[in-house]
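Below is one structure, written out as structure tokens; comments come after it.
Numbering (UniProt numbering), first residue to last: 1 to 674.
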């Protein structure tokens, strides 16, 4: 019985046996939704039958049933409650069934999870832009003018020592009649350096990146190079190389290897497979099973990428630098791990069974303390155009009452300064979340993906499947948006600087500074001891201290949100926000300690964080913000300054004092809520 193949922990949805697809194949399209920790993956399988009486064998367990199973598609990605579309091209000359197979994750069996399917449809022929080359070149075509020779359809190479003996699908499963593949024949009259172009139909501008999947066979001692090019439809001369296997990069055996590359464009474009001749007659290139899927993907093989830093972490950390590991038996804040009962499975997807590895920031390592950090650092990047960095993030703890986990940020490192481009903090979804951020064109920069320890918690921050591709992309998720003047005071005052005044400071604490060591307050960002917020304190002498921000852009409205606390009774203490425009100062928010009566000001250890926000309307020129604190025998604390653009529900406009109703805002708000 076919059912005997089904493992007890799988759930199958299977079609009735269907006749051959013919060489043109069929396209399966469907929508799916996956959620929860309890799901390991969803896959589509092709079951081919070799028995004569299939229906009888399926009904009667005493009748032998001869069949084979081949995986077509697999995903581990949670869709966070949304529907996601997918398509799969398949081809077979046998009667067959398709199977949707869902796997629970046994490591997380006590947690909920679901898989849902909808809107299944089948159409004759390959899915759009896909091709299995069993019949012809599908929607792909040879160039008429820009190359030297053509790609052809092959079934099996008759040359010894070069060329594929079978197509890609036939090489994975026995007893299947070989289909076709595209190849270039390097025999006479070809000359070294001759090139052949296989060109896609016109592709529409992408609203999100696509992953181009294909299989390559490079068997022979005289291989040329193979490249994937992206050509703008309106500017053919601006074609750019996305992917390359260098001259002589033969894999030595007659084997098909899976390859992939991210493609994205804001205008119509075409994809080109370019094969060049190395030694004539000594190296034919085979190409098979082209398909597209949604989302970015690391280049495969990793040696084919331009060198910016694509990485799946399956074998190592690629060209990314990581802190040295002292002992494999010791706990480390950052390490490369596999999924097990302590760690969730990684994100990398493959039709093969793999030991998926990824980078983990261990939030329960006894060595670390709140706000400790470690970073993955990319190789040196030089690019004349913007790049998009994409990666997958897992930031989660299974302790329901704990929302403070830690933080992850992307930092652009140059010789002049370090700039935070992206930051996500504290509890997120129970699964891998897609992230992307633009890297501006620059020379000799590095990208650091930095994890920051929150309080000790049974949880982790994971990083997997890093990919770079040429595009100025929209930041995702939006919760990770940062502005130049944002500051969580984890390690310093960020881009804020102490403003010089005529006042003489008599102590190291009577001016704004980063709080270190244990104060009355725990920091607001992570609810952890040891400082981590802005702090101003004075005893018996009145002091006024100012912090000035970096420049904020003109013609941009912000909702400035922040948390503050007054410590020790001092009715003259005052905290103000001042906007500085073209040399003119305007107070946009202020709080007198004398107005704060409920709850009372802390005397010993009852200090509490209070939430405030103020609308900063757009200005005609760039401007700066000033935080001014006045104290005599008390202290002010500030934390989690966020400048949120275009927020419509910002409660208080400029020229308004923050009275008691503002000060009583619930301190339970998530500091990154937008």
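Here a beta-carbon is modelled for each residue, glycine too, at the ideal position from N, C-alpha and C.
If you're wondering where the values come from, they're calculated on a predicted model, not measured in any experiment.
Note on geometry: alpha-carbon atoms of residue 557 and residue 648 lie some 10 Å from one another. Shown here, residue 108 sits in a helix according to DSSP, grouped into three states. In the DSSP assignment, residue 56 falls within the unbroken alpha helix (DSSP H) covering 54 to 59.
In the DSSP assignment, the residues bridged to residue 537 are 635. Residue range 168 to 172 is occupied by the alpha helix (DSSP H) that includes residue 168, with no beta strand (DSSP E) assigned at that position. CA-to-CA, the gap between residue 270 and residue 143 works out to about 12 Å. Residue 38 counts as buried, since no fewer than 16 other beta carbons sit within 10 angstroms of its beta carbon. Scanning 592, 483, 345, 628 for the CA closest to the CA of residue 419 turns up 483. Counting other Cβ atoms within 10 Å of its Cβ, residue 54 reaches 16 or more and is therefore classed as buried. Looking at the backbone, the Cα of residue 31 and that of residue 117 are separated by about 6 Å. The residue among 592, 36, 391, 67 with its C-alpha nearest the C-alpha of residue 110 is 36. The distance from the Cβ of residue 641 to that of residue 562 is about 5 Å, consistent with a contact at the 8 Å cut-off. For residue 67, the enclosing beta strand (DSSP E) covers residues 67 to 75. If you check the CB distance, residue 293 and residue 310 do not come in under 8 Å. DSSP places residue 260 inside the beta strand (DSSP E), whose first and last residues are 257 to 263.
In the DSSP annotation of this structure, the continuous segment of the beta strand (DSSP E) that includes residue 219 starts and ends at 210 to 219. The Cβ-Cβ distance between residue 424 and residue 407 falls below 8 Å. Unbroken beta strand (DSSP E) runs of no fewer than 3 residues, entirely contained in the region 334 to 390, are found at 334 to 338, 357 to 362, 373 to 377, 381 to 383, following chain order.
The alpha-carbon separation between residue 371 and residue 313 amounts to approximately 26 Å. For residue 149, no beta strand (DSSP E) encloses it, and the DSSP letter there is neither H nor E. Proximity of the region 467 to 479 to the region 428 to 436 meets the contact definition, three or more beta-carbon pairs being nearer than 8 Å. In the DSSP assignment, residue 419 is bridged to 412. When the five nearest sequence neighbours on each side are left out, the beta carbons in the same chain lying within less than 7 Å of the beta carbon of residue 71 are those of 43, 45, 351, in order along the chain. Ranked by Cα distance from residue 592, the first of 629, 122, 114, 443 is 629. Cβ neighbours of residue 56 within its own chain (closer than 8 Å, five residues either side excluded): 63. In the DSSP assignment, residue 559 falls within the beta strand (DSSP E) that extends over 558 to 567. By the 16-neighbour rule on beta-carbons within 10 angstroms, residue 570 is buried.
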